[in-house]
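All you need for our numbering is the position in the sequence shown, starting with 1, plus 685. Written below as structure tokens is the structure these notes are about.
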Amino acid sequence: MTDDGFMGPPWQIDYIEGARTYRDSLPEGVRNTFRDALIDILTAKDPYRPGENVPVEPARSTRFRGPHILTFDSGRGWARFVFVRRSADPQIVIEELFWQ
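Given below as structure tokens:
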């Protein structure tokens with residue numbers, strides 16, 4: 686925890702049950718690719734702006750701090766997530782996951 690009471694990266698991560706079940710059903714190589722993409726947002730100072738390696742964009746342009754879309758595996762997969770900015774336990778919540 687920092688002096689101002691706000692924890693920094695790496696953030697906690699949680700899944701909506703459907704997203705966790707879908708993640709667990711993916712082939713191992715795809716799960717590893719998704720995990721590698723998550724590492725960038727988990728360790729970024731701002732998970733909505735992780736850097737150039739992982740494309741992240743708002744799900745709706747009118748709600749910048751709302752849900753965002755993370756793409757992985759050369760655009761074959763995506764995950765919708767939100768970053769909950771709590772001072773005691775900030776976390777990233779994966780709401781939906783898809784891969785084709």
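Virtual Cβ for every residue (Gly too), placed ideally from N, Cα, C. Being a predicted model, the structure only gives us computed values, none of them experimental.
Who does Arg765 pair with in a DSSP beta bridge?
The residue given as residue 765 occupies position 80 in the sequence shown. Answer is Ile754 and Glu781.
State the DSSP-derived secondary structure class of Val715, mapped to helix, strand or coil.
Working through the sequence shown from its first residue, we reach residue 715 at position 30. It is helical.
Would Arg761 and Trp784 qualify as a contact pair, given that the criterion is a beta-carbon distance under 9 Å?
For the purposes of this step, residue 761 is identified with residue 76 of the sequence shown, where counting begins at 1. For the purposes of this step, residue 784 is identified with residue 99 of the sequence shown, where counting begins at 1. Yes, the Cβ-Cβ distance between Arg761 and Trp784 is below 9 Å.
Between which residues of its own chain and Val767 is the CB-CB distance below 8 Å, once the five residues before and five after are set aside?
Start at 1 with the first residue of the sequence shown, and residue 767 comes out as number 82. Cβ within range, chain order: Gly751, Pro752, His753, Ile777, Val778 and Glu780.
Would DSSP call Asp774 helix, strand or coil?
For this step, residue 774 is matched to residue 89 along the sequence shown. Correct three-state label for Asp774: coil.
Alpha carbon to alpha carbon, what distance is there between Asp721 and Pro732?
Within the sequence shown, the letter at position 47 stands for residue 732. Within the sequence shown, the letter at position 36 stands for residue 721. Near 14 Å, if we compare the C-alpha coordinates of Asp721 and Pro732.
For Thr728, which residues from the same chain have a beta carbon less than 6 Å from its beta carbon, with the 5 sequence-adjacent residues on both sides left out?
Indexing the sequence shown from 1 puts residue 728 at position 43. So the qualifying residues of the chain are Pro694 and Pro695.
Please list the terminal residues of the continuous alpha helix (DSSP H) segment that includes Glu702.
One-based indexing of the sequence shown puts residue 702 at position 17. Unbroken alpha helix (DSSP H) run through Glu702: Glu702 to Ser710.
Taking the beta carbon of Pro735 as the centre, do at least 16 other beta carbons fall within 10 Å, making it buried, or is it exposed?
Locating residue 735 in the sequence shown gives position 50, where the first residue counts as 1. With 16 or more other Cβ atoms within 10 Å, it is buried.
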